[in-house]
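Read the structure below first, then the notes.
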Ligand code: SF4
């Protein structure tokens with residue numbers, strides 16, 4: 001499978017989100033990265049400016065990475081869904097099905113050793129892809145900050161930074177989890 005180009009992604013009409021987006025955003029970062037972060041979808045600002053992780057939840061992600069001394073130059077960061085979700089609604093299963101081939105291509109091209117899905121939907125997709133156990137939405141919190149191994153890949157689910165915008169009590173715990181992530185990277 002070959003990696004898609006930004007132009008190919010920008011002209012994608014595989015799902016109705018193509019009608020409401022301004023830009024379809026590919027991942028950004030180090031193409032030789034050992035670790036890939038997978039968020040849910042671009043936010044409104046990212047959609048307008050055609051830049052990844054520049055909105056409020058992106059700012060939280062940058063702060064957590066900095067606090068844990070994880071160098072962003074060593075990462076590849078992307079989204080499960082490449083187009084903005086209107087009013088930040090939840091993604092539909094049909095949209096995940098239509099768009100996940102792009103994430104699959106990114107994983108195949110970059111071949112990271114550690115996948116870090118952020119939030120329920122990205123984690124659910126990665127667990128399905130690597131035939132890990134299925135879980136209900138209410139069970140997702142039990143997976144956060146735990147390490148799973150499948151196909152020689154380490155999978156470390158974390159909370160989506162957007163959650164921390166309105167649940168600030170989870171921030172401390174996220175700092176601990178990002179510090180643990182740094183230790184996992186150091187063992188690689
Ligand atoms: S969300 Fe994905 S599948 Fe849907 S139009 Fe955007 S790039 Fe294409």
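In this note's numbering, the protein residues as written are 1 to 188.
Quick reminder that beta carbons are idealized off the backbone N, C-alpha and C, glycines included.
Just to confirm before moving on: does the CB-CB distance between residue i and residue j stay below 8 Å?
| i | j | result |
| --- | --- | --- |
| residue 35 | residue 112 | yes |
| residue 102 | residue 33 | no |
| residue 130 | residue 153 | yes |
Cα separation between residue i and residue j?
| i | j | result |
| --- | --- | --- |
| residue 151 | residue 115 | 12 Å |
| residue 156 | residue 22 | 31 Å |
| residue 38 | residue 87 | 20 Å |
| residue 173 | residue 26 | 29 Å |
| residue 164 | residue 120 | 14 Å |
| residue 1 | residue 100 | Because the pLDDT at residue 1 is just 49, under 50, the model does not fix this residue reliably, and the value given afterwards should be weighed accordingly. So the two alpha carbons sit approximately 14 Å from each other. |
| residue 70 | residue 181 | 9 Å |
| residue 178 | residue 58 | 15 Å |
| residue 89 | residue 127 | 22 Å |
Check whether the Cβ of residue i lies closer than 7 Å to any heavy atom of the ligand SF4, and answer yes or no.
| i | result |
| --- | --- |
| residue 118 | no |
| residue 13 | yes |
| residue 82 | yes |
| residue 106 | no |
| residue 46 | no |
| residue 9 | yes |
| residue 67 | no |
| residue 98 | yes |
| residue 18 | yes |
| residue 28 | no |
| residue 24 | yes |
Under a three-way DSSP split, which group does residue i fall into?
| i | result |
| --- | --- |
| residue 58 | helix |
| residue 179 | helix |
| residue 132 | coil |
| residue 4 | coil |
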